[in-house]
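Residue numbers (our numbering), protein chains in the order written: chain A, 997 to 1314; chain B, 997 to 1314.
Number of protein chains: 2
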Amino acid sequence: MKKEAVVGIDLGGTSTKVGLVSEIGEVIAMQRFDTEGRQEFSSFVDRLEAVYNKIITENEGLDIKGVGIGSPNANYFTGQMMNPPNFSWGKRVPLAKDIGDRLSLPVVITNDANAAALSENLYGLGRDLRDFVVLTLGTGLGSGIVVNDKLLLGQDGIAGEMGHVNVRPDGRMCNCGLSGCLETYASVTGIKRTVFKLLADLPMPSKMRSYSYNELTGLMITEAALAGDLIAQGAFTYTGEILGTKLADAVAYLSPQAIILTGGLTKAGDLLLDPTRAAMEERLFHMYRGKVKLMISEVGGEHDAILGAAALAWQEFN
Amino acid sequence: MKKEAVVGIDLGGTSTKVGLVSEIGEVIAMQRFDTEGRQEFSSFVDRLEAVYNKIITENEGLDIKGVGIGSPNANYFTGQMMNPPNFSWGKRVPLAKDIGDRLSLPVVITNDANAAALSENLYGLGRDLRDFVVLTLGTGLGSGIVVNDKLLLGQDGIAGEMGHVNVRPDGRMCNCGLSGCLETYASVTGIKRTVFKLLADLPMPSKMRSYSYNELTGLMITEAALAGDLIAQGAFTYTGEILGTKLADAVAYLSPQAIILTGGLTKAGDLLLDPTRAAMEERLFHMYRGKVKLMISEVGGEHDAILGAAALAWQEFN
């Protein structure tokens, strides 16, 4: 009998990764190419097909069950990317249909945060959990919610946009047009904004004063905080307090067993986790206190998003 | 063949209603008695058994499948009421076990808001919906969340405590010990507090100035608002703005098809619905705009809570 595998695709704004993944989450092979989202969508499909043919030829003898794709603004139900920012592919990109036709395989898609949640559910900290929430704290804030071992999709496949819950009505302006969205505080971009707010509010010296907004990265803030920089440390405390308060809300809706954090901001480890957990516990309704685990993902690494997309394909086509 | 029925019990702080309910939601018979939650739990079980025997004798020839109970702080998984306020029955009341033993029937329990959600799902506006949220706006604020036609229970049967999501960290003090909980604004008690805040903030004459806090009822506020009282109208606007903002958050988590409001405060109809809907739409993440119905329950009436409890029993024992 041929070995079974699925294709996991992580379609990002900059690069796209294509992997062959077994059911136990072994990445048999992986290739990467530039997405070039500003060129035509058909050109992307051409290049994807070429990479797929190459990887399949190099790894012959597999029984490919189907394709899972994680991408920004992907809608599970329609198979389309809806108004993806940073792409010139139109308002409704027929991702599942066009790629499925070209590769002659069934295709299922979901947004990157949902893919991360599935990845945790099959291969990560969610393996033994039934109800949990995954937050991706990167450039923005994405979330994937697992209820009773299934992804919560909602009416149209786009449930779990915790990046846009409201922290305060008169809060920071968000790219989405609203004010006070959680992702303007709890994300790599959010903590950069917080550093600049604290540089304005507070008088103490800080290494943070020597970088422009464009130069500053999340990693710089983490390293400065670890080295004792008060502004950088204050930025993590501020971020954790806001994130923890909103996680307490998430628990009041969903009563999950655990909340798993992933993405660039989590490289700070306990610097982020400690103030977040303290604020969450302080704000939790009494019935939930001490019951919800707050953890940083261990899946990580460059295969993370591919595994999530593959997990979706395994769930769908097995 | 005997006609099938279940027992639906609405166990409230003041009175308890016991109903026999058919699968299509017909209330075959109903009896009410005083709960007397300050007496011993065993005395309550005695009186419940007596009422049950009476109602069964008066309606003989039924095939009773089981018992569903909706009550404050009831936990579906444990079958217990946990720390119920206004009752002297202990910290963990073995509701399902003791009543099941006495009536020799299987018993399932849930909190009142979840029962209301099930009632909508089987007999109300949720009949044709798969994903929706029910808010009970009474003395407090309860919520029941339906995902994929099933009640969202979470890790321990107590998901859906939207009354305690945070409106603002420095907000009104709540009975639960937290500050800024949604139910301190969006409930009958919440709108009373808002009337008193507006009486303090604003100078205009108002009928509301002639009542003490203890005298004032939700109905008085509604009637005054309908008669053009500016303070009472302002209280509904204020309530709707806060409720709508938090409903937008609920949508970002759950992407429901509809949000159904029920309970005393909804007697105000459009006075409540219009500002709530406007605030919700304004705060919705763009992908959700114009897609979520906001409605007032039509189940209502004195059978509402019994129907919800019965719906749970039908779901469980059919």
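Heads up, the beta-carbon is just placed ideally off N, CA and C, and yes, glycines get one too.
Inter-residue Cα distance where the pair is A/Gly1062 and A/Ala1309: 6 Å
A/Gly1265 burial status per 10 Å Cβ neighbour count (16 or more: buried): exposed
Closest Cα partner of A/Gly1134 within the set A/Glu1312, A/Asp1108, A/Leu1121: A/Asp1108
Closest by C-alpha distance to A/Val1103, when choosing among A/Glu1278, A/Glu1237, A/Val1003: A/Val1003
Those runs of the beta strand (DSSP E) which lie wholly inside the region 1025-1094 of chain A and span at least 3 residues: 1058-1066
Exposure of B/Lys1242, with buried meaning 16 or more beta-carbon neighbours within 10 Å: buried
Cβ separation of B/Ile1154 and A/Ser1251, assumed to be a contact under 8 Å, to the nearest whole Å: 6 Å
Selection of the region 1266-1285 of chain B by Cβ proximity to chain A, strictly under 8 Å: Arg1279, Phe1281, His1282, Met1283, Tyr1284
Nearest-angstrom Cβ-Cβ length linking A/Ala1221 and A/Phe1232, presumed shorter than 8 Å: 6 Å
Buried/exposed call for A/Phe1083, threshold 16 Cβ in 10 Å: buried
Runs of beta strand (DSSP E) wholly within the region 1108-1156 of chain B (minimum 3 residues, chain order): 1128-1133, 1137-1143
A/Val1184 versus A/Gly1096, A/Ala1307, A/Thr1213, residue with shortest Cα-Cα distance: A/Thr1213
For B/Ile1187 and B/Thr1258, believed in contact at Cβ under 8 Å, the rounded distance: Not confirmed; about 15 Å, so no contact.
Distance CB(B/Phe1037)-CB(B/Thr1012) smaller than 7 Å: no
Spatial neighbours of B/Leu1058 in its chain, beta-carbon cut-off 7 Å, leaving aside the 5 residues before and after: Lys998, Lys999, Ala1001, Leu1016
Nearest residue (CA-CA) to B/Gly1075, options B/Gly1159, B/Val1089, B/Val1130: B/Val1089
Range covered by the beta strand (DSSP E) that runs through B/Asp1257: The sequence as given places Leu at residue 1257 of chain B; Asp does not occur at that position. Where B/Leu1257 is concerned, the enclosing beta strand (DSSP E) stretches over 1254-1258.
Per DSSP, cross-strand counterpart(s) of B/Ile1217: DSSP lists no partner for B/Ile1217.
Backbone CA spacing between A/Gln1027 and A/Val1047 [nearest angstrom]: 7 Å
Under the three-state DSSP convention, the category B/Gly1015 falls into: strand
Min CB distance B/Tyr1249 to chain A below 7 Å: yes
Proximity winner among B/Thr1272, B/Lys1203, B/Gln1229, relative to B/Glu1237 (alpha-carbon distances): B/Thr1272
A/Thr1010 in three-state terms, based on DSSP: coil
Backbone secondary structure at A/Leu1198 - three-state DSSP: coil
Three-way DSSP call (helix, strand, coil) for B/Val1002 in this model: strand
B/Lys1242, enclosing beta strand (DSSP E) - first and last residue: From DSSP, B/Lys1242 is part of no beta strand (DSSP E) but of the alpha helix (DSSP H) over 1226-1250.
Given A/Asn1055 as reference, the closest of A/Val1023, A/Leu1137, A/Arg1126, A/Ile1141 once Cα atoms are compared: A/Val1023
Any chain A beta carbon closer than 7 Å to B/Gln1253: yes
Where the alpha helix (DSSP H) containing B/Ile1302 begins and where it ends: 1300-1313
Cβ pair A/Glu1045, A/Arg1098 closer than 7 Å: yes
Backbone CA spacing between A/Arg1205 and A/Ala1182 [nearest angstrom]: 21 Å
Residues bridged to A/Ile1292 (per DSSP): A/Leu1257
Beta-carbon proximity check, B/Ala1248 vs A/Glu1157, cutoff 7 Å: yes
6 Å CB neighbourhood of A/Asp1270 in its chain, flanking five on each side removed: none
Between the CA atoms of B/Lys1287 and B/Arg1279 - distance to the nearest angstrom: 13 Å
Integer-rounded CB distance, given that B/Cys1177 should sit under 8 Å from B/Gly1150: Incorrect: roughly 18 Å between the Cβ atoms, too far for contact.
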